[in-house]
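Visitor:
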Amino acid sequence: MKAIHINETGDLNRLVYGEVPSPRPAPGEVVINVRAAALNHLDIRVRRGRPGVPIQAPHVLGSDASGTISELGPSVTGLHIGDEVILNPGVSCGHCEFCLRGEQSECPAFGIVGMSRPGTFAEQVSVPAVNVHPKPAHLNFEEAAALPLAYVTAWRLIMTRGGLKAGETALIHGIGGGVAIAALQLAKLAGATAIVTSSSDHKLARARALGADHGVNYRKVGDIATEIKKLTDGRGV
Ligand SMILES: [Zn+2]
């Protein structure tokens, strides 16, 4: 199959578009025919290489994907060939103390598709069946592929760790990237007030269109903390 992969880490010129072996599903895994994949900053970090973390060449990049199931591995139940799915790229053991209390990203065996195992910038990818979810019907494949990594990161940040509740105020410092925009949308859906910052008035305007209650250009205000205190009547965020 065709895939964007690297044989060694480094600059952009290390990227190869070419043939790699097609995946075979291990027990409990399914193969997805990838219809759309999204680029994350993580892909750039993996391509550049991380100290002490060797890659296994050819390493296929990419964490996010949507597509259709093309093959079921042994002992997979509840999924069918042709199902339209999105992928949760965080892979964990499922039975350690962290996994059992819903802290999968703390699992000693935690890995991410495209980082610790072959990625999604390929015609096919094999992933654990527990990591695939139905593609929302109101999203096309491109829109669905843009969701997972940014939204699970933002969810863990502001919901799991931050415990954000309706009526509270969230500050999203540096709006514009995928995780920040996901955090803004989740904060608004949670019923919180959202304050965003940027050095770009254009990004602040886009954030307001997405529901941000206040936008602060940190290049134009003296002290950001003072400004936030002012916006929250001294309560802070
Ligand atoms: Zn675990």
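Our numbering numbers the first residue of the sequence shown as 13 and each following residue consecutively. C-beta atoms are modelled at their ideal positions from N, C-alpha and C, and glycine is treated no differently. As the structure is a prediction and not an experimental result, all values here were calculated from the model.
Could you give the C-beta distance for I240 and A206, rounded to a whole number, given that I count them as a contact under 8 angstroms?
Guide: Wrong, their Cβ atoms sit about 12 angstroms apart, outside the cutoff.
Visitor: Could you name the residues of the same chain whose beta carbon sits closer than 6 angstroms to that of F110, not counting the 5 residues immediately before and after it, in chain order?
Guide: So the list reads E118, C119, once near-sequence residues are dropped.
Visitor: Take V64 as the anchor and find which of H53, R231, S128 has the nearest alpha-carbon.
Guide: Just to set this straight, residue 64 is Gly in the shown sequence, not Val. G64 has its Cα closest to that of S128, out of H53, R231, S128.
Visitor: On the three-state DSSP scale, how would you describe E209?
Guide: In the sequence as displayed, the identity of residue 209 is Thr instead of Glu. Note: T209 maps to strand in three-state DSSP.
Visitor: By how many angstroms is the C-alpha of I44 removed from the C-alpha of M13?
Guide: Roughly 13 angstroms between the two C-alpha positions.
Visitor: Run through the stretch 49-76 for me and flag every whole alpha helix (DSSP H) of 4 or more residues, listed as ranges in chain order.
Guide: Within the stretch 49-76, the complete alpha helix (DSSP H) runs of at least 4 residues are 53-60.
Visitor: Can S117 be considered in contact with ligand 1, in the sense that its beta carbon sits closer than 7 angstroms to one or more heavy atoms?
Guide: For ligand 1, not one heavy atom lies less than 7 angstroms from the Cβ of S117.
Visitor: Since I believe L216 is in contact with V208 (beta carbons under 8 angstroms), could you give me their beta-carbon distance rounded to a whole number of angstroms?
Guide: The Cβ separation is near 7 angstroms, so the contact holds.
Visitor: Using three-state DSSP, classify I184 as helix, strand or coil.
Guide: Correct three-state label for I184: strand.
Visitor: Answer yes or no: do L176 and I170 have a C-beta to C-beta separation smaller than 8 angstroms?
Guide: Result yes, Cβ atoms of L176 and I170 sit closer than 8 angstroms.
Visitor: Distance, Cα to Cα, E154 vs G246?
Guide: Looking at the two C-alpha atoms, the distance is approximately 42 angstroms.
Visitor: How many angstroms separate the CA atom of L159 from the CA atom of A221?
Guide: Computed Cα separation, rounded: 19 angstroms.
Visitor: Could you check whether the Cβ of S104 sits closer than 7 angstroms to any heavy atom belonging to ligand 1?
Guide: Yes - ligand 1 has a heavy atom lying nearer than 7 angstroms to the Cβ of S104.
Visitor: Check H15 in the structure and name its three-state DSSP category.
Guide: According to the sequence provided, residue 15 is Ala. The question's His does not apply to it. If DSSP states are grouped into helix, strand and coil, A15 belongs with the strands.
Visitor: In terms of alpha-carbon separation, which member of N143, R173, S211 lies closest to S78?
Guide: S78 has its Cα closest to that of N143, out of N143, R173, S211.
Visitor: Please list the terminal residues of the continuous beta strand (DSSP E) segment that includes L99.
Guide: Element bounds for L99: 96-99.
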